[in-house]
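Q: Numbering (this note's numbering), first residue to last: 2 to 944. Sending over a structure as structure tokens; questions will come in a sec.
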Amino acid sequence: MTEDLTPAQAYAAALARNAEQATALAPFRELYDFGLDPFQIEACQVLEAGKGVLVAAPTGSGKTIVGEFAVHLALTQGRKCFYTTPIKALSNQKYADLVKRYGNDKVGLLTGDNSVNGDAPIVVMTTEVLRNMLYAGSQALSGLGYVVMDEVHYLSDRFRGAVWEEVIIHLPESVTLVSLSATVSNAEEFGDWLDTVRGDTEVIVSESRPVPLWQHVLAGRRMYDLFEEETDHGGRGASRREVNPDLLRLARTENTRTYNPRERRRGKMVREADRERERRQRSRIWTPGRPEVIERLDAEGLLPAITFIFSRAGCEAAVQQCLYAGLRLNDDEARLRVREIVEARTAAIPTEDLHVLGYYEWLEALERGIAAHHAGMLPTFKEVVEELFVRGLVKAVFATETLALGINMPARTVILEKLVKWNGEQHADITPGEYTQLTGRAGRRGIDVEGHAVVLWQRGLDPGHLAGLAGTRTYPLRSSFKPSYNMAVNLVEQFGRHRSRELLETSFAQFQADRSVVGISRQVQRNEEGLQGYREGMTCHLGDFEEYARLRRDLKDRETELARQGAAQRRAQAASSLEKLKPGDVIHVPTGKFAGLALVLDPGIPAGRTNGHRGFEHHDGPRPLVLTAERQVKRLASIDFPVPVEALERMRIPKSFNPRSPQSRRDLASALRSKAGHINPERHRRQRAAAADDREIARLRTEIRAHPCHGCDEREDHARWAERYHRLQRDTQQLERRIEGRTNTIARTFDRIVALLTELDYLRGDEVTDNGKRLARLYGELDLLASECLRDRVWEGLTPAELAACVSALVFEARQADDAVAPKLPTGNAKAALGEMVRIWGRLDALEGEFKINQAEGGVGQREPDLGFAWAAYQWASEKSLDEVLREAEMPAGDFVRWCKQVIDVLGQIAAAAPKENSTVAKNARKAVDSLLRGVVAYSSVG
């Protein structure tokens with residue numbers, strides 16, 4: 002109470018209030034109808050003091066308020082602020098928020114698709130746009146005072162993360178950097194690096210969520226709490242969370258239950274409903290169906306909810322299941338509001354396209370308060386779902402994990418169907434960081450008292466593992482920085498080779514590598530102490546046991562080498578037998594996923610394969626395309642044939658056979674089983690082992706028997722110590738190589754890139770040639786390939802549609818490998834140009850090998866161009882209808898739009914980089930952009 006203060010205290014309090022009122026923070030706080038959290042206030046005060054700041058806090062905690070304060074400071078000081086985000090959807094969202102507060106005249110937007118008021122004092126942009134501005138020395142950088150990097154933890158992304166580090170390193174020193182990150186376990190390390198490269202930077206970490214999160218497991222009809230709160234363990238008065246014992250007991254019981262297959266009714270297939278009934282009878286619990294989960298949450302007042310399903314098809318199927326179940330989450334008034342909003346947002350889309358896009362089924366689900374959200378959807382459709390969800394008119398969203406990447410769509414409840422997802426190579430457990438990111442959506446600040454994360458029961462669920470995911474709130478930030486060809490020429494042009502090398506050595510990647518060397522060095526010291534002990538343990542009184550152990554190792558290595566040679570010989574024999582196969586041969590695949598009877602459709606020779614995405618041969622041996630007896634069309638690899646194969650029978654393949662048609666596959670597989678199902682293949686006889694007749698092995702065995710230590714009573718004890726000594730010595734040598742390899746790794750890669758660019762006449766010492774200046778304007782994974790195509794005039798004389806097809810190969814990457822069918826390509830000049838692009842890539846790939854630039858290891862280099870989108874790009878640029886293009890491309894509308902926009906982006910770069918005289922490429926690239934930017938590709942809100 003003020004009356005309890007002494008006059009001196011009251012005077013001090015008044016001074017403090019007046020001092021606060023004099024700051025920029027005071028009027029900024031009045032813009033919000035809620036009080037700021039301590040971490041937000043601290044970060045804003047740091048900014049106002051003129052320092053940079055790194056804020057690491059959980060999803061939904063309000064980190065962006067610190068970024069908005071940087072915007073406020075810039076306007077107050079008459080300076081500029083760039084607000085960068087990793088994805089266009091976030092840029093659009095932040096642009097809309099800032100326009101609402103400051104007006105259209107003060108806020109601009111720059112993404113790959115749009116440029117709106119780019120000279121405004123506040124500009125929202127994707128991080129790549131800012132990187133390109135820095136390299137181009139854009140005039141827009143003058144007067145720049147603040148840069149906000151939202152979701153800065155994206156620098157861990159192995160495909161795009163390098164862009165964040167490029168921006169941080171190259172921003173002018175006068176710019177204050179505001180870095181906003183999810184909670185990471187090494188925020189201090191990242192802050193130390195920022196302090197090194199950007200100057201005075203404060204690290205502010207907040208671990209607490211603004212809305213408490215409750216973790217549950219839904220099993221059958223019961224919702225189990227994951228944790229049981231316990232206090233005063235061991236009289237310490239501390240509080241810690243224990244896994245719910247009821248859940249542990251349930252897991253032990255259910256995961257040890259067995260099912261007797263004899264309980265199934267014999268002689269008939271059991272329908273899905275019967276299997277479900279049997280399963281429920283066998284078990285006290287089950288995994289609830291999707292409509293059942295939503296109904297349960299609705300009854301308990303836990304909607305709106307986001308269900309994360311790690312599959313686009315799964316999201317769409319979930320919506321259909323809810324519709325079939327008759328689920329309705331909206332009343333009549335809400336239904337009318339949904340229809341009104343949807344019709345207004347989609348008014349620009351022609352009626353004929355609406356049918357192709359599945360508009361009416363999508364609208365029916367929205368009216369019921371249900372929707373899917375994934376990258377395969379049209380951007381406009383996704384934006385409508387986001388808007389309706391925030392307004393409370395969609396209450397159940399089934400989404401892929403891309404929704405968790407920063408888009409402002411908080412829910413009361415988040416549901417995870419499984420704790421395993423496909424990572425592009427295999428099904429893998431989700432990480433603690435991914436779990437935190439997904440469940441971070443639960444709990445709406447200012448609306449919900451608490452948020453809820455619900456994991457659905459699955460057989461084999463380990464509550465302890467789940468508790469580990471839920472209890473590990475942080476994950477480490479790891480740099481994915483690597484030099485590129487474009488980066489190299491831009492750096493050399495601005496700073497020269499020596500200074501560029503020094504700049505790259507300041508990257509976070511090198512910072513982390515150098516720090517890790519300290520720990521490795523300590524391990525080497527410990528290993529050397531261990532080696533001394535092992536050396537004493539293997540000492541033998543009869544002779545030099547180290548020499549004896551070396552003879553034994555040499556014998557083992559020789560036997561292993563001969564076994565490897567034998568395996569290689571068998572593979573060569575198998576490859577030779579594959580080369581003799583012809584279409585119509587019936588074979589027996591000896592091993593692998595598709596073992597069994599198969600019909601050869603295409604032998605996959607000569608000496609290459611027809612890659613389903615790229616359409617050109619690649620030399621890795623015969624890869625026959627076969628139809629299995631189970632109706633699958635697959636292109637097999639040499640690994641499927643460890644032994645030679647020969648034709649068991651011959652069959653005629655109908656000319657009408659279509660490998661994409663289920664009916665064609667079914668009919669031909671049936672004929673295959675009838676023709677050859679009774680044939681038993683002969684077993685391959687193993688040959689005499691080469692080791693039996695090897696002179697070197699005989700010599701080593703003689704020397705071992707003659708060695709004095711061979712007669713030692715403790716020989717095998719000494720041998721065990723010798724083996725430990727050898728293993729530890731090998732590990733130590735590997736650690737020493739790692740130390741050597743981690744020192745100046747980024748600079749060494751840069752040196753190799755510069756050497757290759759010098760060989761190709763892009764660089765001459767510190768001079769960037771005309772070829773190099775062209776490369777400097779080309780950003781993207783295949784920057785050097787694009788530049789070489791321009792230099793070799795590969796695209797001259799192509800029509801705009803043909804050029805669009807060729808450029809698509811520079812950006813497109815298929816989501817899944819499909820070697821069964823080669824992609825359809827435009828004929829004539831376009832096909833010839835695509836073939837030439839692949840040949841140029843082959844030349845560059847060989848050159849990268851010579852200069853030790855390895856894409857697989859270092860992530861640097863040119864991947865093979867992918868021709869899978871060429872036909873779709875050609876058709877769309879040729880003004881074909883959306884229905885026809887999507888039907889032939891067999892691609893969701895959202896993917897089609899995204900790839901088209903990426904093609905448009907690269908076409909714009911090519912138009913800027915192409916020669917202005919004696920060339921049609923620049924003019925046709927601009928025409929191609931106009932041809933592609935129509936219909937659904939042009940439908941977007943602002944970005």
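For each residue, glycine too, the CB sits at the ideal point set by N, CA and C.
The beta strand (DSSP E) spanning residue 224 covers which residue range?
A: Your numbering for residue 224 matches position 223 in the sequence shown. Segment 223-226, the beta strand (DSSP E) holding residue 224.
Q: Which residue's Cα is closest to the Cα of residue 322: 907, 293 and 307?
A: Here residue 322 is taken as the residue at index 321 of the sequence shown, counted from 1. Out of 907, 293 and 307, 293 has the C-alpha closest to the C-alpha of residue 322.
Q: Pull up the distance between the alpha-carbon of residue 42 and that of residue 885, whole angstroms please.
A: Locating residue 42 in the sequence shown gives position 41, counting from the first residue. Locating residue 885 in the sequence shown gives position 884, counting from the first residue. Each residue's Cα considered, the two are about 56 Å apart.
Q: Name the DSSP beta bridge partners of residue 309, please?
A: Here residue 309 refers to the residue found at position 308 of the sequence shown. DSSP lists 400 and 417 as the bridge partner or partners of residue 309.
Q: Threshold first: 4 residues or longer. Then list the alpha helix (DSSP H) segments lying entirely within the region 512-576, N to C.
A: none
Q: Going residue by residue through the region 122-149, where are the continuous alpha helix (DSSP H) segments of at least 4 residues, counting only ones entirely within it?
A: 128-137
Q: If contact is defined by three or more beta carbon pairs under 8 Å, each pair taking one atom from either stretch, is the region 445-457 in contact with the region 190-209?
A: Flag = no, the region 190-209 and the region 445-457 do not touch.
Q: I'd like to know if the region 889-909 and the region 841-848 are in contact, where contact means that at least 3 CB-CB pairs between them fall below 8 Å.
A: A contact is defined here as three or more CB-CB pairs under 8 Å, and the region 889-909 fails this definition with respect to the region 841-848.
Q: Pick out the complete alpha helix (DSSP H) segments inside the region 294-339, 4 residues or longer, and give them in chain order.
A: 313-325
Q: Please state the DSSP three-state secondary structure of residue 1.
A: Residue coverage of the chain in this structure runs from 2 to 944, which leaves residue 1 outside it and unanswerable.
Q: In terms of alpha-carbon separation, which member of 465, 580, 122 and 159 lies closest to residue 252?
A: Mapped onto the sequence shown, residue 252 falls at position 251. Taking only the C-alpha atoms, the option nearest residue 252 is 465.
Q: Shortest alpha-carbon distance to residue 751 belongs to which of 447, 472 and 488?
A: Locating residue 751 in the sequence shown gives position 750, counting from the first residue. Ranking 447, 472 and 488 by Cα distance to residue 751 puts 488 first.
Q: For residue 201, does the count of other Cβ atoms within 10 angstroms reach 16, so buried, or fall short, so exposed?
A: The count along the sequence shown starts at 1 and reaches residue 201 at position 200. With fewer than 16 Cβ atoms within 10 Å of its Cβ, residue 201 is classed as exposed.
Q: Less than 9 Å between the beta carbons of residue 831 and residue 875, yes or no?
A: The sequence position of residue 831 within the sequence shown is 830, counting from 1. The sequence position of residue 875 within the sequence shown is 874, counting from 1. Contact: yes.
Q: Does residue 843 come out as helix, strand or coil in the three-state DSSP assignment?
A: On the sequence shown, position 842 is the one that residue 843 refers to. Helix.
Q: My output table needs one value for residue 697: the three-state DSSP class, helix, strand or coil.
A: Locating residue 697 in the sequence shown gives position 696, counting from the first residue. Note: residue 697 maps to helix in three-state DSSP.
Q: Measuring only the C-alpha atoms, how far is residue 346 from residue 385?
A: Position 345 of the sequence shown, counted from the start, is the residue given in the question as residue 346. Position 384 of the sequence shown, counted from the start, is the residue given in the question as residue 385. Rounded to whole angstroms, residue 346 to residue 385 spans 7 Å at the Cα level.
Q: Is DSSP giving residue 261 helix, strand or coil here?
A: Mapped onto the sequence shown, residue 261 falls at position 260. The predicted model places residue 261 with a pLDDT of 46, which falls under 50 and marks its position as unreliable; any figure quoted below should be read in that light. Coil.
Q: Is it buried or exposed for residue 486, if we count other Cβ within 10 angstroms and need 16 for buried?
A: Walking along the sequence shown from the start, residue 486 turns up at place 485. Flag for residue 486 reads buried.
Q: Residues in the same chain with beta-carbon distance under 7 Å from residue 81, minus the five sequence neighbours each way, listed in chain order, please.
A: Walking along the sequence shown from the start, residue 81 turns up at place 80. So the qualifying residues of the chain are 75, 122, 144, 145 and 146.
Q: Terminal residues of the continuous alpha helix (DSSP H) containing residue 679?
A: Looking up residue 679 in the sequence shown gives position 678. Taken as a continuous stretch (DSSP letters only), residue 679 belongs to no alpha helix (DSSP H), as it is neither H nor E.
Q: Beta carbon of residue 357, beta carbon of residue 887: below 9 Å?
A: Numbered from 1 along the sequence shown, position 356 holds the residue referred to as residue 357. Numbered from 1 along the sequence shown, position 886 holds the residue referred to as residue 887. Contact flag set, yes.
Q: For residue 556 and chain B, any beta-carbon pair shorter than 9 Å?
A: The chain inventory of the structure shown lacks chain B, comprising one protein chain alone.
Q: Are residue 950 and residue 139 close, meaning C-beta to C-beta below 9 Å?
A: Missing from the structure shown is residue 950; the chain here goes from 2 to 944 and no further.
Q: Look at the alpha carbon of residue 160 and the alpha carbon of residue 548, and state the distance between them as a whole number of angstroms.
A: Working through the sequence shown from its first residue, we reach residue 160 at position 159. Working through the sequence shown from its first residue, we reach residue 548 at position 547. Distance between the alpha carbons of residue 160 and residue 548: 49 Å.
Q: Can you tell me whether residue 347 is helix, strand or coil according to DSSP?
A: Along the sequence shown, one-based indexing puts residue 347 at 346. In the structure shown, residue 347 sits in coil (DSSP, three-state: anything other than H, G, I, E or B).
Q: If I follow the unbroken alpha helix (DSSP H) through residue 215, where does it start and stop?
A: If you number the sequence shown from 1, residue 215 lands on position 214. First-last for residue 215: 214-220, but that is the beta strand (DSSP E), not the alpha helix (DSSP H).
Q: Thinking residue 439 and residue 371 are a contact (beta carbons under 8 Å), I'd like their distance in whole angstroms, please.
A: The residue given as residue 439 occupies position 438 in the sequence shown. The residue given as residue 371 occupies position 370 in the sequence shown. Actually they do not touch by this definition, with Cβ atoms about 20 Å apart.
Q: So, does the region 294-311 touch the region 409-419, judging by three or more C-beta pairs under 8 Å?
A: yes
Q: Report yes or no: do three or more beta-carbon pairs, one from the region 790-797 and one from the region 905-921, lie closer than 8 Å?
A: yes
Q: Helix or strand or just coil, what does DSSP make of residue 450?
A: The sequence position of residue 450 within the sequence shown is 449, counting from 1. DSSP places residue 450 in coil when its eight states are reduced to three.
Q: Would you mind stating whether residue 932 and residue 834 have Cβ atoms separated by less than 9 Å?
A: Here residue 932 refers to the residue found at position 931 of the sequence shown. Here residue 834 refers to the residue found at position 833 of the sequence shown. Result no, Cβ atoms of residue 932 and residue 834 do not sit closer than 9 Å.
Q: In chain order, which alpha helix (DSSP H) runs of at least 4 residues are fully inside the region 728-807?
A: Taking only runs of at least 4 residues, the alpha helix (DSSP H) segments lying wholly in the region 728-807 are 746-760, 771-776 and 784-792.
Q: In the DSSP assignment, what are the bridge partners of residue 600?
A: Locating residue 600 in the sequence shown gives position 599, where the first residue counts as 1. In DSSP, residue 600 forms a bridge with 587 and 628.
Q: Please report the distance separating the alpha-carbon of residue 871 from that of residue 811.
A: Within the sequence shown, the letter at position 870 stands for residue 871. Within the sequence shown, the letter at position 810 stands for residue 811. It is roughly 10 Å from the alpha-carbon of residue 871 to the alpha-carbon of residue 811.
Q: Give, in chain order, every unbroken run of the alpha helix (DSSP H) that is at least 4 residues long and sits entirely within the region 172-218.
A: 188-199
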